[in-house]
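2 protein chains.
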Amino acid sequence: MTAEPEKYPLSGRFLLGRSRYVMSDQERGIFEDSIEQVEEFGPSKTLTSRGEICDRSSILIAGFAVRTIIEHGRRQIVGIQVPGDFMDLHGFALKRLDHNLVTLGPATVGFVSHRRLAEIMLSQPRLTRLFWFSTSLDAAIQRQWTLKLGQLKADRRAAHFLAEIWHRLDLVGLGHRNGFRTPLTQADLADMCGTTPVHMNRALRSLSKAGIAQFRRGNVTVWNRKAFEQLADFNPAYLYGRGELYLGSAMAGD
Amino acid sequence: MTAEPEKYPLSGRFLLGRSRYVMSDQERGIFEDSIEQVEEFGPSKTLTSRGEICDRSSILIAGFAVRTIIEHGRRQIVGIQVPGDFMDLHGFALKRLDHNLVTLGPATVGFVSHRRLAEIMLSQPRLTRLFWFSTSLDAAIQRQWTLKLGQLKADRRAAHFLAEIWHRLDLVGLGHRNGFRTPLTQADLADMCGTTPVHMNRALRSLSKAGIAQFRRGNVTVWNRKAFEQLADFNPAYLYGRGELYLGSAMAGD
DNA sequence: CGTTGAATTGACACCGTTCAACGACAGTGG
DNA sequence: CCACTGTCGTTGAACGGTGTCAATTCAACG
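This is the structure in structure tokens:
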């Protein structure tokens with residue numbers, strides 16, 4: 232395991248495991264220094280609200296957060312963030328976000344002002360490109376969510392989202408062998424999968440009855456990872472770690 | 232209507248209607264000159280395949296294209312492109328795409344090499360930011376697809392996607408009063424909505440029986456736009472034209 | 001006028017929603 | 001230590017949305 236998180240406690244997990252774009256020490260140093268403020272939040276703290284003007288972006292240092300959109304009283308989770316995610320970097324370009332950003336459990340968050348990002352854009356083209364890559368990666372994940380919501384039934388959707396979270400934790404050095412722990416509830420999972428808590432409960436039950444995985448108050452235990460990922464139709468390529476879409480560690484300049 | 236498309240026949244519709252970032256004449260000129268090659272394609276021409284290394288990005292000048300992902304023989308349409316869309320700009324960062332890019336009907340496409348884009352990144356920070364905005368906008372659209380797939384039933388999903396396409400055509404100056412024309416089939420719509428052609432047929436039938444809109448071989452006629460967009464749960468804010476999320480035409484620098 | 005792809009229809013099984021109620025568990029304060 | 005409390009999870013039954021298979025009609029075009 233790489234030592235980035237120890238050397239750079241705030242930014243060390245950013246793009247970790249995404250070998251496409253390895254960050255130089257100098258770049259990590261610049262990024263680390265750009266994090267002007269760090270705060271700890273409790274559960275369900277809204278970091279950014281839909282429509283609010285934002286003049287800084289936030290990186291998740293520890294914990295989990297979700298992107299939510301609420302319409303007609305119904306909440307949809309359109310994204311989940313794990314440590315190392317530069318969560319609302321796209322706010323730098325969009326200025327107002329179309330969704331909310333909410334902590335799930337307790338979370339530590341670092342902030343970078345858009346003024347600072349604008350400076351980086353002028354002086355650090357390679358770092359800029361890394362940032363751009365990061366938002367493109369988020370978009371690739373979003374496409375995958377679209378795909379899975381379109382194609383899978385509720386039980387396999389749930390398996391997919393859980394498999395993704397697990398893999399993303401792996402990438403940033405936070406994975407465990409037999410599963411992982413999140414502050415997710417079954418109701419949260421339902422809001423990710425676009426189904427109801429009742430049905431999500433039955434879906435999870437079918438996973439455990441099949442001897443594949445168990446979900447208990449946020450504790451995910453996977454008994455058979457292969458069967459689990461197969462059922463989930465999970466292929467990690469879209470996360471752009473090492474794999475099919477991997478290209479090598481050089482900056483593929485052109 | 233703005234005259235951009237006449238002055239800049241290749242790039243003139245790029246970000247048109249997105250007043251957040253108005254492009255200067257100089258910037259449009261640079262972009263227009265960067266389009267080194269223009270080609271016309273017939274229907275169902277694959278422009279880029281999943282996993283293929285790409286060293287150029289393509290802008291849609293005329294016609295329609297879709298992003299597709301095929302898994303286990305089933306096709307999901309994860310995005311649709313209208314004229315003016317810089318379709319695989321994210322390929323500049325990702326280098327290999329996780330999806331295919333396919334023309335729908337006949338289409339005219341312009342190509343910009345990644346070498347050229349890398350030069351622009353070094354010399355044109357503002358234009359770079361416009362490009363970044365463009366990919367962030369794609370991501371916002373993708374989030375909306377996630378949302379609607381999660382929350383709506385098939386008939387309303389279809390209405391939403393059609394409402395979106397109509398509005399995007401409006402933004403780039405290609406809208407009509409009572410509807411629009413696309414090369415979409417009911418089967419394509421089904422692949423967007425994550426349902427079957429049979430069910431999509433019934434969903435569209437229910438729209439026309441309700442006196443709201445009609446879909447006939449790609450010809451969309453909307454009898455009651457207000458009822459249509461209400462049924463679709465369509466709020467164009469996420470397209471970042473003028474509206475709730477709009478901020479003004481100045482480059483919000485920081 | 002026959003061919004082809006697209007759209008349409010019916011019957012039936014299954015997935016998912018809804019409503020309503022109950023059970024399990026962790027944290028709190030007496 | 002126990003009772004209380006609220007959140008989370010679990011269950012059943014009725015109903016409506018969606019998938020599937022198979023057959024048919026329709027529109028466009030050479």
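For the record, the sequence lines run as chains A and B. Following my numbering, the numbering of the first sequence begins with 232 at its first residue and continues without gaps. Following my numbering, the numbering of the second sequence begins with 232 at its first residue and continues without gaps. Quick reminder that beta carbons are idealized off the backbone N, C-alpha and C, glycines included.
- Judged by beta-carbon spacing, Leu358(B) lies within the 8 Å limit of Glu258(B), meaning their Cβ atoms are closer than that value.
- DSSP places Arg249(A) outside both helix and strand once states are collapsed to three, so it counts as coil.
- Cα atoms of Lys379(A) and Ala371(B): separation of roughly 18 Å, rounded to the nearest angstrom.
- Per DSSP, Thr366(B) is not a residue of any beta strand (DSSP E); the alpha helix (DSSP H) it occupies stretches across Pro356 to Gln382.
- Across the set Ser437(A), Pro274(A), Thr299(A) and Leu470(A), the C-alpha of Leu470(A) shows the shortest separation from the C-alpha of Gln375(A).
- Bounds of the alpha helix (DSSP H) holding Asn432(B) are Pro428 to Lys440.
- For Glu271(B), the enclosing beta strand (DSSP E) stretches over residues Gln268 to Phe272.
- Taking a Cβ-Cβ cut-off of 7 Å, the neighbours of Asp329(B) in chain A comprise Ala371, Arg374, Ala468, Tyr469 and Leu476, given in sequence order.
- Around the Cβ of Val269(A), a 10 Å sphere holds fewer than 16 other Cβ atoms; the residue is exposed.
- Runs of alpha helix (DSSP H) with 4 or more residues, each lying fully within the region 293-335 of chain A, are found at 321-325, listed in chain order.
- Spatial neighbours of Gly310(B) in its own chain (CB-CB distance under 6 Å, excluding positions within 5 residues in sequence) are listed in chain order as Arg298.
- Not one beta carbon of chain A lies nearer than 8 Å to the beta carbon of Ile290(B).
- Assigned with DSSP and collapsed to three states, Phe465(B) falls in coil, not helix or strand.
- Scanning Val451(B), Phe446(B) and Ile261(B) for the CA closest to the CA of Arg347(B) turns up Ile261(B).
- Taking a Cβ-Cβ cut-off of 7 Å, the neighbours of Ala324(A) in chain B comprise Arg360, Trp363, Phe364 and Ser367, given in sequence order.
- When Cβ-Cβ separations below 8 Å define contact, Thr377(B) makes contact with chain A.
- With a cutoff of 8 Å on beta-carbon distance, Arg244(A) and Glu235(A) are scored as near each other.
- The three-state secondary structure of Ile443(B), taken from DSSP, is coil.
- Only those residues of the region 294-319 of chain A whose C-beta falls short of 9 Å from the nearest C-beta of chain B are listed: Arg298, Ile300, Glu302, His303, Arg305, Gln307, Ile308, Val309 and Gly310.
- Contact of His391(B) with chain A by beta-carbon distance below 8 Å is absent, the smallest such distance being about 11 Å.
- The beta-carbon of Gln417(A) is placed no less than 8 Å from the nearest beta-carbon of chain B.
- For His321(A), the chain B residues whose C-beta falls within less than 8 Å of its own C-beta are Ser367, Ala370 and Ala371, listed in chain order.
- The straight-line gap separating the alpha-carbon atoms of Ser367(B) and Gln373(A) is approximately 12 Å.
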